[in-house]
């Protein structure tokens, strides 16, 4: 049996919340989350606001650490800080607000070059060639590397964010509501680009979204979260055709 590209085992996360003037209490955001993702597939994660979707995205991309559980990439545990610094470049994240996630004082080329300098030993000429190739891959022009974030449209900014994710040749890209703010025509273009990249490179996606039509269109498997727990998981078409949990039935009816 083929080993999954990404394996999440019993992942849990909690935060301290103020319960009074001098006391705090622990609030569990995620409880024993487990799932697998194969190469070249898309896993969608849905749930109501506050179900823990964005926290899970941060744990997967290395932006935060879990209290317990394991994340394995290609069979290697990546919670350990030394390993995570080396491996988490293979799990990249694209945020909902692309412009806010970009440095307004840097050109796109400088941003991508900084990313390569920090995470690779490539020389200047090789980095320049890789930046040009990556911009072309996401449908941007080579001249766009000299632009600042405010000079792009919303759809172009999402392509810039995708270029920043792809510049390190990741194995998994986490899309945390990354398509929500786009108008339908731009969203359709971006989805087609994502599908083409997946077909050409074997890239895997974790899609977090409220757009259920998008989930059904591009995802292979589906995980439903409710109050930090998985209430249903399986093949997307199976769950859409015959949802088992009341939470899933409620989400799909909306």
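Residue numbers (our numbering): 1 to 254. The beta-carbon is built from N, C-alpha and C at its ideal position, and this holds for glycine as well.
Quiz prompt | Which of helix, strand or coil DSSP assigns to residue 138 | solution = coil
Quiz prompt | Pairwise C-alpha distance: residue 208 and residue 174 | solution = 8 angstroms
Practice problem: Kindly indicate which three-state DSSP category residue 171 falls into: helix, strand or coil? | Solution: coil
Quiz item: Quick check: the segment 60–74 against the segment 232–240, are there 3 or more CB pairs under 8 angstroms?
Solution: no
Quiz prompt | Nearest to residue 6 (by Cα), restricted to the options 39, 147, 69 and 128 | solution = 39
Self-check item: Stretch pair the segment 25–40 + the segment 9–16: three plus CB contacts closer than 8 angstroms
Solution: yes
Exercise. Take every Cβ of the segment 154–174, pair it with every Cβ of the segment 194–212, and state whether three or more of those distances are shorter than 8 angstroms.
Key: yes
Quiz prompt | Rounded C-alpha distance that separates residue 166 from residue 78 | solution = 20 angstroms
Quiz item: Quick one: any contact between the segment 154–165 and the segment 183–198, if contact means 3 or more CB pairs under 8 angstroms?
Solution: yes
Quiz prompt | 7 angstroms CB neighbourhood of residue 159 in its chain, flanking five on each side removed | solution = 138, 139 and 140
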